[in-house]
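According to numbering that gives the first Met the number 0, the residues represented by the sequence shown are 0 to 390, in order. By construction, the Cβ of each residue, glycine as well, lies at the ideal position given by its N, Cα and C atoms. Bear in mind the structure is a predicted one, so any value in this text is a computation, not a measurement.
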Amino acid sequence: MKYTILLKFGEIALKGANRSYFENTLCRQIRHRVKRFGRFNVFKSQSTIAVEAADPSADLDGAYDICKKTFGVIALVRAYEAEKDMDSITSRVRELAPALIGDARTFKADARRSDKSFPLTSPEISALAGAAVLSACPHVKVDVHEPEVVVRVEIRDEKAYITGAQERGAGGMPVGTNGKALLLLSGGIDSPVAGHMICRRGVKLEVLHFESFPYTSERALEKVKELAQILAEYNGAVCFHTVSVTKIQEALSRSCDEEYFTLLLRRFMMRIAERIARDRDCRAIVTGESVGQVASQTIEALNVTNSVVSMPVFRPCVGLDKEEIIERSRRIGAFETSTLPYEDCCTVFTPRHPKTKPTEEGVAREEAKLDVEALIGEALSSQRQEWIKYE
Ligand code: ATP
Ligand code: MG
Numbered sequence: 000m001k002y003t004i005l006l007k008f009g010e011i012a013l014k015g016a017n018r019s020y021f022e023n024t025l026c027r028q029i030r031h032r033v034k035r036f037g038r039f040n041v042f043k044s045q046s047t048i049a050v051e052a053a054d055p056s057a058d059l060d061g062a063y064d065i066c067k068k069t070f071g072v073i074a075l076v077r078a079y080e081a082e083k084d085m086d087s088i089t090s091r092v093r094e095l096a097p098a099l100i101g102d103a104r105t106f107k108a109d110a111r112r113s114d115k116s117f118p119l120t121s122p123e124i125s126a127l128a129g130a131a132v133l134s135a136c137p138h139v140k141v142d143v144h145e146p147e148v149v150v151r152v153e154i155r156d157e158k159a160y161i162t163g164a165q166e167r168g169a170g171g172m173p174v175g176t177n178g179k180a181l182l183l184l185s186g187g188i189d190s191p192v193a194g195h196m197i198c199r200r201g202v203k204l205e206v207l208h209f210e211s212f213p214y215t216s217e218r219a220l221e222k223v224k225e226l227a228q229i230l231a232e233y234n235g236a237v238c239f240h241t242v243s244v245t246k247i248q249e250a251l252s253r254s255c256d257e258e259y260f261t262l263l264l265r266r267f268m269m270r271i272a273e274r275i276a277r278d279r280d281c282r283a284i285v286t287g288e289s290v291g292q293v294a295s296q297t298i299e300a301l302n303v304t305n306s307v308v309s310m311p312v313f314r315p316c317v318g319l320d321k322e323e324i325i326e327r328s329r330r331i332g333a334f335e336t337s338t339l340p341y342e343d344c345c346t347v348f349t350p351r352h353p354k355t356k357p358t359e360e361g362v363a364r365e366e367a368k369l370d371v372e373a374l375i376g377e378a379l380s381s382q383r384q385e386w387i388k389y390e
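1) DSSP three-state call for C344: helix, strand or coil?
2) Would you mind sorting V293 into buried or exposed? The rule is 16 or more other CB atoms within 10 Å of its CB.
3) Let me know if Q28 comes out buried or exposed under the rule of 16 or more other beta-carbons within 10 Å of its beta-carbon.
4) Going by C-alpha to C-alpha distance, which of V312, A272, F267, V308 sits closest to E288?
5) Would Q45 be called buried (16 or more neighbouring beta carbons within 10 Å of its own) or exposed?
6) Quick check: V244 and F209, are their CB atoms within less than 7 Å of each other?
7) Distance check for A78 and R155, CA to CA, integer angstroms please.
8) If A180 sits next to A283, beta carbons under 8 Å apart, how far is it from one beta carbon to the other, in whole angstroms?
9) Apply the 10 Å Cβ neighbour rule to G168 and answer buried if 16 or more other Cβ atoms are within range, or exposed otherwise.
10) Start and end of the alpha helix (DSSP H) containing F391?
11) The ligand ATP and D343: does any heavy atom of the ligand fall closer than 6 Å to the residue's C-beta?
12) Is D189 near the ligand ATP - that is, is its Cβ less than 6 Å away from at least one heavy atom of it?
13) Suppose contacts are defined by Cβ-Cβ distances below 7 Å. Is F39 in contact with A49 by that definition?
14) Could you name the residues of the same chain whose beta carbon sits closer than 6 Å to that of E82, not counting the 5 residues immediately before and after it, in chain order?
15) Can you give me the Cβ contacts of V290 inside the same chain, cut-off strictly under 8 Å, excluding the 5 residues immediately before and after it?
16) State the Cα-Cα distance for the pair Q231 and K1, rounded to the nearest angstrom.
17) With DSSP collapsed to three states, give me the class of Y63.
18) The ligand ATP heavy atoms versus the CB of E123: any closer than 6 Å?
19) Distance check for Y259 and V362, CA to CA, integer angstroms please.
20) Short check: CB of E385 to CB of T215, under 7 Å?
21) So, are the CB atoms of A135 and R93 less than 7 Å apart?
22) Count the other C-beta atoms from every protein chain shown that fall within 10 angstroms of the C-beta of T338, then say buried if there are 16 or more, exposed otherwise.
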């Protein structure tokens, strides 16, 4: 059955003078995102964005699902149109009632008028709509306090709408309204979740992945691209950077104390990330680190990892348990891909006894055995870039 998708925005409604900037950005993004499901009209109307099919072949359910993944949308609902007179409204309610009520045992009807010239008051409209539901579904009972379903009638300027259950949207803020950040994306569970959390705050992500060919495989890289593709559903097209750390890892294993391998590699990663971030106008680095999860994520280890960069490093998973991260990973649709069994550069040359309480002096002593600048330059010269399209 044909319906209009109505989207409510959340936090962005609070932003005073910026409000219309946020609203227009969201509206533009919705317009772009629903395109792949056919032709739609997307327009703003009284603090709601309406999405309606512009031709009968448009895939409304596909558009609905993508709106549900769009940051900045706090709630969404399917709205069925009716002519703006009470007889049309009640006959439409009768027709829709079985679908809107479903298995529910209780309901209430609730009317709102933003068009105050409509001849009936909201309570009068509610009463008539409620009676129409009861005539179509005699098994259901009215419960005004805790109804299982609310059947809403909205008398808006352009049309009347009848709506059923309202669903929660993705929340957050429209992507790009808070600038850009560079996500360090491994093939693991944590970094896609971290990226999703920051993206939800309106930050557009670019992605950097470190590979270590031939120690890591082509298939491992494909897996990370699949993860970037999943993030693109939220972020829009993702600029995907790849840098090889093979030479760095070989230099480390030749010259440095084994227990420092991972930490030293992580410092290289951060330095390289900061340079790429600056180059790409990204104002922060995002990682999936979480305090205490592994040896390289003790507070001491995070300190020596962090001390080589001056840009803010966001670690949104920092206070989450692994269980919570996994739950989020499932919800965003990344878990199946993240748990495919491929190697990561952090798992090659892993020390048998990694240093868990490193000091800045200890790390600097090991690093003095390397030509850090030359290794960074060499790694950067391997940088490749491609766009993972939103499709
Ligand atoms: P994840 O599940 O995200 O792989 P992890 O718990 O396995 O994280 P590490 O492997 O120590 O932890 O990595 C910590 C963080 O460093 C990752 O969340 C990611 O942001 C970054 N990182 C690790 N390996 C890579 C890589 N090969 N390319 C880019 N970033 C990486
Ligand atoms: Mg990992």
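According to the data block:
1) helix
2) exposed
3) buried
4) V312
5) exposed
6) yes
7) 12 Å
8) 4 Å
9) buried
10) One cannot answer for residue 391 here, as it falls past the ends of the chain, which runs 0 to 390.
11) yes
12) yes
13) no
14) none
15) Q296, T297, I298, L301, V317, G318
16) The residue you asked about is not Gln; residue 231 is Ala in the sequence shown. Those two C-alpha atoms are separated by around 28 Å.
17) helix
18) no
19) 7 Å
20) no
21) yes
22) exposed
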